[in-house]
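Asks:
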Amino acid sequence: MDRPLSVTALRCRTSDRTPGASRGAEALALALDPDARLVGTFGEARIANWDDDLRDSHGCLLEAGGQVEDMLVAGAFPVLTTSDCSICMTTFQAITRHEPDARVLWLDAHGDYNTPDTTPSGFLGGMCLAASCGVWDAGFEPSIDPGRVLMSGVRDLDAGERVLVDTTGVKNVRPSEVAQRLAGQKVYVHLDLDVLDPDILPSQFAVPGGLSDTGLRTLLAEVKRECEVIGLEVTAFEYPEPANVELVESIVRAVL
Ligand SMILES: NC(=[NH2+])NCCC[C@H](N)C(=O)O
Numbered sequence: 000m001d002r003p004l005s006v007t008a009l010r011c012r013t014s015d016r017t018p019g020a021s022r023g024a025e026a027l028a029l030a031l032d033p034d035a036r037l038v039g040t041f042g043e044a045r046i047a048n049w050d051d052d053l054r055d056s057h058g059c060l061l062e063a064g065g066q067v068e069d070m071l072v073a074g075a076f077p078v079l080t081t082s083d084c085s086i087c088m089t090t091f092q093a094i095t096r097h098e099p100d101a102r103v104l105w106l107d108a109h110g111d112y113n114t115p116d117t118t119p120s121g122f123l124g125g126m127c128l129a130a131s132c133g134v135w136d137a138g139f140e141p142s143i144d145p146g147r148v149l150m151s152g153v154r155d156l157d158a159g160e161r162v163l164v165d166t167t168g169v170k171n172v173r174p175s176e177v178a179q180r181l182a183g184q185k186v187y188v189h190l191d192l193d194v195l196d197p198d199i200l201p202s203q204f205a206v207p208g209g210l211s212d213t214g215l216r217t218l219l220a221e222v223k224r225e226c227e228v229i230g231l232e233v234t235a236f237e238y239p240e241p242a243n244v245e246l247v248e249s250i251v252r253a254v255l
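When we follow numbering that gives the first Met the number 0, the leftmost residue of the sequence shown carries the number 0, and every step to the right adds one.
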């Protein structure tokens, strides 16, 4: 990497539900960079459906985009660690404002490509990529063309969600194909740790059949070799407790 690393841990509204998630995000950020910024605040704990969630998380989402923007403006390589994958609705805005040609590599067990019409759970985190791609309006400008998103590790799509992925042109490919597909391009990586197998790292929305830690490290190392990686966000709900931070750090370092 030719740019200085700039790391921020963002504590999100939804961290109320999984406080371990924020501890993990902060521990990871500090492991990557002792000078990492730790920002964000807990909101009021209440059970949310997606529109409550959107309202309550609004400040946190804006903060996420602002953090990535600041890191880019400073000429740094941004790394954002957080519990809440919904931040992509603003982080991708910051990325594509600075690098209009950027591709997004979406490493996740889930597509997060539901809309209010297809969501089985009402969970905003399951709808955030679709909002980023302009499939529905969450109140944030769409930031990335679906054709510029490459998914891998995604193995749990709801029925309506699958139709949207297929019809809007998002590609979902095997891990071994990722680096070739993105070769020579500028790539921002969204890494939800539930892309790993739940035997390796437990998660709130665990889906069996995930990548091994070695498999993920290999994939990221290939991406680093073949592409120009321009930044990274590491998200998860049931984030690693401090005992697992070493494992996650070793994975993240493969792409730095
Ligand atoms: N980023 C995540 N953990 N997403 C989980 C989404 C689960 C499911 N597809 C839903 O919409 O509710």
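Quick reminder that beta carbons are idealized off the backbone N, C-alpha and C, glycines included.
1) Less than 8 Å between the CB of Met150 and some heavy atom of ligand 1, yes or no?
2) Here's a check: name, in chain order, each residue in its chain whose Cβ is nearer than 6 Å to the Cβ of Gly110, leaving out the five neighbours to either side.
3) Could you check whether Val38 and Glu232 sit closer than 9 Å to each other, using their CB atoms as the reference points?
4) Looking at Asn113 and ligand 1, is the gap between the Cβ and the nearest heavy atom below 8 Å?
5) Can you tell me which residues form a DSSP beta bridge with Pro274?
6) For the alpha helix (DSSP H) that contains Glu232, what are its first and last residues?
7) CA-CA distance, Arg2 and Thr118?
8) Of all the beta strand (DSSP E) runs that stay within the bounds of the segment 123-178, which reach a length of 3 or more residues?
9) Should Asp155 be listed as close to ligand 1, given that the test is whether its C-beta is under 8 Å from any heavy atom?
10) Would you list, in sequence order, the uninterrupted beta strand (DSSP E) runs of no fewer than 3 residues that lie entirely inside the segment 81-131?
11) Which residue from Asn113, Val247 and Cys127 puts its Cα closest to that of Asp83?
12) Alpha carbons only, please: which of Phe204, Ile143, Leu123 and Phe139 is nearest the one belonging to Cys132?
13) With hydrogens ignored, establish whether the beta-carbon of Cys84 is closer than 8 Å to any heavy atom of ligand 1.
Replies: If we stick to the structure as given:
1) no
2) Val153, Leu156, Glu160 and Val164
3) no
4) yes
5) Since the first residue shown for the chain is 0 and the last is 255, residue 274 is missing from the structure and cannot be characterised.
6) Here Glu232 belongs to no alpha helix (DSSP H); instead the beta strand (DSSP E) covers Glu227 to Thr234.
7) 39 Å
8) 148-151 and 170-172
9) yes
10) 102-106
11) Cys127
12) Ile143
13) yes
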